[in-house]
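Asker: Once you've had a glance at the structure underneath, I'll fire off some questions.
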């Protein structure tokens, strides 16, 4: 597989891991709630007013009960505002809060800081709109399809990420070096390494010079099928991003 294509896919995997971490620990949000927020923002930009829940549900793939929970959570955290309909006080309109865009800007600054220094700086500079909410939702949906392809090979996205890095280098690397890789605080490396080892993608052995060092190597006999898997994942990702 073309190395630039592989690096592009790995960048988006790392990027979305960073988004997930920031959402969870800095903002107590889930991707699904972010998607609801995106629909509210889109509606407001087009119609210049809030949206009723009955209309908002038509843009969602969740139940009305789940949507109500999303709306209450977003309102509680200050992402959206609720207004009474002037013509019917029983009905509520939902629209972005005055601080919504500022909160998004800060959020994406946090994500950028997490991704910077991960050997992807050139991709950050050349990837347009990666810090726009609508684009992030598109990436999330595209990677959901990639995850389904990985599942067919009994792999998680975390395993796919590390496997892609090892496939790209095709070199013997120490266990300590892997654990010190740029993704270590986004991925539980020990778990991923052990899972890939048990699934027959990696071999581990003691260094002949220093037995304290454990070397890890990608098993070459799995190279063709792994390469084909990444080609499928990349093609699906690009298809969904159009």
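In our numbering, the protein residues as written are 8 to 249.
Virtual Cβ for every residue (Gly too), placed ideally from N, Cα, C.
For residue 45, count neighbouring C-beta atoms within 10 Å of its own C-beta (all shown protein chains included) and say buried if the count is 16 or more, exposed if not.
Answerer: Looking up residue 45 in the chain shown gives position 38. Residue 45 comes out buried.
Asker: Which term fits residue 149, buried or exposed, when burial requires 16 or more other beta carbons within 10 angstroms of its beta carbon?
Answerer: Here residue 149 refers to the residue found at position 142 of the chain shown. Under this definition residue 149 is a buried residue.
Asker: Please work out which residues of its chain come closer than 7 angstroms, Cβ to Cβ, to residue 80, disregarding the five sequence neighbours upstream and downstream, and give them in chain order.
Answerer: Residue 80 sits at position 73 when you count from the first residue of the chain shown. Taken in chain order, the residues that qualify are 40.
Asker: Does the Cβ-Cβ distance between residue 24 and residue 193 come in under 8 angstroms?
Answerer: Taking the first residue of the chain shown as 1, we reach residue 24 at position 17. Taking the first residue of the chain shown as 1, we reach residue 193 at position 186. Yes.
Asker: What residues match up with residue 210 in a beta bridge as DSSP calls it?
Answerer: For the purposes of this step, residue 210 is identified with residue 203 of the chain shown, where counting begins at 1. Paired residues: 224.
Asker: Under 8 angstroms: do the stretch 174-181 and the stretch 212-223 share three or more Cβ pairs, one atom per stretch?
Answerer: Touching, yes.
Asker: Measuring straight from C-alpha to C-alpha, what distance separates residue 92 and residue 171?
Answerer: On the chain shown, residue 92 is found 85 positions in, with the first residue counted as 1. On the chain shown, residue 171 is found 164 positions in, with the first residue counted as 1. Cα to Cα, residue 92 sits roughly 52 angstroms from residue 171.
Asker: Under a three-way DSSP split, which group does residue 58 fall into?
Answerer: Stepping through the chain shown from its first residue, residue 58 is reached at position 51. Three-state result, residue 58: strand.
Asker: Please state whether the Cβ-Cβ distance between residue 210 and residue 226 is less than 8 angstroms.
Answerer: Along the chain shown, one-based indexing puts residue 210 at 203. Along the chain shown, one-based indexing puts residue 226 at 219. In this structure, residue 226 lies closer than 8 angstroms to residue 210 by Cβ.
Asker: Can you tell me the Cα-Cα spacing of residue 60 and residue 144, whole angstroms?
Answerer: Position 53 of the chain shown holds residue 60. Position 137 of the chain shown holds residue 144. Going from the Cα of residue 60 to the Cα of residue 144 covers about 20 angstroms.
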